[in-house]
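> These protein sequences, in sequence, are chains A and B.
The first sequence begins at 1 in the working numbering and counts up one residue at a time.
The second sequence begins at 113 in the working numbering and counts up one residue at a time.
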Amino acid sequence: QKEVEQDPGPLSVPEGAIVSLNCTYSNSAFQYFMWYRQYSRKGPELLMYTYSSGNKEDGRFTAQVDKSSKYISLFIRDSQPSDSATYLCAMKGTGGGNKLTFGTGTQLKVEL
Amino acid sequence: GAVVSQHPSWVICKSGTSVKIECRSLDFQATTMFWYRQFPKQSLMLMATSNEGSKATYEQGVEKDKFLINHASLTLSTLTVTSAHPEDSSFYICSGRGLGTDTQYFGPGTRLTVL
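#1: Between A:Tyr70 and A:Asp58, what straight-line distance do the alpha-carbon atoms span, to the nearest angstrom?
#2: If distances are taken between C-alpha atoms only, which option among A:Gly16, A:Phe102, A:Gln1 comes closest to A:Leu112?
#3: Taking DSSP's pairing of strands, which residues face B:Glu181 in a bridge?
#4: Which of the three DSSP states is assigned to A:Pro14 in this structure?
#5: State the CB to CB distance for the pair A:Thr101 and A:Gly9, rounded to an integer number of angstroms; the pair is presumed to be in contact (CB under 8 Å).
#6: Using the Cα positions of B:Tyr204 and B:Met145, report the straight-line distance between them to the nearest angstrom.
#7: To be precise: take each residue of the segment 45-79 of chain A, compare its Cβ to all Cβ atoms of chain B, and keep it if any distance is under 8 Å. Which residues remain?
#8: Can you find a C-beta in chain B that's less than 8 Å from the C-beta of A:Gly105?
#9: Could you tell me the distance, in whole angstroms, from the CA atom of B:Thr194 to the CA atom of A:Gly93?
#10: Just to confirm, is the Cβ distance from B:Gly219 to B:Cys135 under 8 Å?
#11: List the residues of chain B whose Cβ lies closer than 9 Å to the Cβ of A:Arg37, in chain order.
#12: Looking at the strands, I want to know which residues DSSP matches up with A:Asp58.
#13: Roughly how far, in whole angstroms, is the beta-carbon of B:Ser162 from the beta-carbon of B:Ile181, given that I think they are within contact range, below 8 Å?
#14: Tell me whether A:Pro44 is buried or exposed, calling it buried when 16 or more other Cβ atoms sit within 10 Å of its Cβ.
#15: According to DSSP, simplified to helix, strand and coil, what is A:Ser82?
#16: Which residues of chain A have a Cβ atom closer than 9 Å to the Cβ of B:Leu158, listed in chain order?
#17: Counting only beta-carbon separations shorter than 8 Å, does B:Asp214 have a partner in chain D?
#18: Pop quiz: B:Ser185 and B:Glu164 are said to be a contact at Cβ under 8 Å. What is the actual Cβ separation, rounded to whole angstroms?
#19: Could one say the Cβ of B:Gln172 lies closer than 8 Å to chain A's Cβ atoms, at least one of them?
#20: Please check if any C-beta of chain A sits within less than 8 Å of the C-beta of B:Phe218.
#21: Please list the terminal residues of the continuous beta strand (DSSP E) segment that includes B:Gln141.
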């Protein structure tokens, strides 16, 4: 079993839709949770960074963490064609040396 | 946000040759740099972690004699793929992290194709 599970998609939605992207994890040591956006043939770009359970909002993006269920989500409101990309969740434990563990990424396509 | 560059962005080489990839932090000092490999439709897999001036720490299953990493300055790390073979063809991505910070900033990646 992988430490981080993420549905690879592809997920296709119409412009303006609310998008929900999710990851589950098995390692209870994970304390920091991130969402990255990766356009084709480009490096990942950090979108959201959260610590422990709760919600964090930044513009059209909301990150949600439920540690009791080991489940994290990224919501995108009013989705735009420019949001079409692969979204990777990543997480790590405490300590500066702990490496990031990534999900496989969900490919999102927002259609006009 | 902080900017990390990689060079080259893509490279094609013959089997058996060596290829060097550069990773530079342009506007911050990256005390730690990470090298990842990403195969098509798969996630980023950490290959090694390097701290400036120290030997790199390789992940299990990554051959340190094949993937040579040098992190000689706070703004430059290099990955050399020695005696490359077709199975080494992949997308190689570096990231940098500053002292006392938790955030990794990723480079745009280098696509390596070994013929």
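Note that CB positions come from ideal geometry on N, CA and C, so glycine has one too.
The answer reads as follows:
#1: Residue 70 of chain A sits at position 70 when you count from the first residue of the first sequence. Residue 58 of chain A sits at position 58 when you count from the first residue of the first sequence. The residue asked about is misnamed: residue 70 of chain A is Lys in this sequence, not Tyr. If I take the Cα positions, the gap works out to 22 Å.
#2: Taking the first residue of the first sequence as 1, we reach residue 112 of chain A at position 112. For the residues A:Gly16, A:Phe102, A:Gln1, the minimum Cα distance to A:Leu112 belongs to A:Gly16.
#3: In the second sequence, residue 181 of chain B corresponds to position 69, counting from 1. Note that residue 181 of chain B is Ile in the sequence shown here, rather than Glu. According to DSSP, which records beta bridges pairwise, B:Ile181 is partnered with B:Leu191.
#4: In the first sequence, counting from the first residue as 1, residue 14 of chain A sits at position 14. A:Pro14 falls in the strand class under three-state DSSP.
#5: Here residue 101 of chain A corresponds to residue number 101 of the first sequence, with the count starting at 1. Here residue 9 of chain A corresponds to residue number 9 of the first sequence, with the count starting at 1. The C-beta distance from A:Thr101 to A:Gly9 rounds to 20 Å, too long to meet the 8 Å contact threshold.
#6: In the second sequence, residue 204 of chain B corresponds to position 92, counting from 1. In the second sequence, residue 145 of chain B corresponds to position 33, counting from 1. For B:Tyr204 and B:Met145, the distance between alpha carbons rounds to 13 Å.
#7: From the segment 45-79 of chain A, only Glu45, Leu46, Tyr49 have a Cβ closer than 8 Å to chain B.
#8: As a first step, residue 105 of chain A is located in the first sequence; it is residue number 105 there, counting from the start. So yes, A:Gly105 belongs to the interface.
#9: In the second sequence, the residue the question calls residue 194 of chain B occupies position 82. In the first sequence, the residue the question calls residue 93 of chain A occupies position 93. In a straight line, the C-alpha of B:Thr194 is about 33 Å away from that of A:Gly93.
#10: Along the second sequence, read from residue 1 onward, the residue named residue 219 of chain B stands at position 107. Along the second sequence, read from residue 1 onward, the residue named residue 135 of chain B stands at position 23. Contact check for B:Gly219 against B:Cys135 passes: the beta carbons are separated by less than 8 Å.
#11: Here residue 37 of chain A refers to the residue found at position 37 when the first sequence is read from its first residue. By Cβ distance, chain B contributes nothing, its closest Cβ being about 11 Å from A:Arg37, past 9 Å.
#12: In the first sequence, the residue the question calls residue 58 of chain A occupies position 58. A:Phe61, per the DSSP bridge assignment.
#13: Within the second sequence, residue 162 of chain B is the residue found at index 50, counting from 1. Within the second sequence, residue 181 of chain B is the residue found at index 69, counting from 1. B:Ser162 to B:Ile181, Cβ: 5 Å. Contact.
#14: Indexing the first sequence from 1 puts residue 44 of chain A at position 44. By the neighbour-count rule (16 or more Cβ atoms within 10 Å), A:Pro44 is buried.
#15: As a first step, residue 82 of chain A must be located in the first sequence, where it is residue number 82. Helix at A:Ser82.
#16: Position 46 of the second sequence, counted from the start, is the residue given in the question as residue 158 of chain B. What B:Leu158 touches in chain A: Lys99, Leu100, Thr101, Phe102.
#17: The structure shown has no chain D; the protein chains it does contain are A and B.
#18: The residue given as residue 185 of chain B occupies position 73 in the second sequence. The residue given as residue 164 of chain B occupies position 52 in the second sequence. So it is a contact: roughly 7 Å between Cβ atoms.
#19: The residue labelled residue 172 of chain B in the question sits at position 60 within the second sequence. No - not a single Cβ of chain A is within 8 Å of the one on B:Gln172.
#20: As a working mapping, residue 218 of chain B is identified with position 106 in the second sequence. It does: the Cβ of B:Phe218 has a partner Cβ on chain A nearer than 8 Å.
#21: Counting from one through the second sequence, the residue named residue 141 of chain B turns up at place 29. According to the DSSP assignment, B:Gln141 belongs to no beta strand (DSSP E), since it is labelled neither H nor E.
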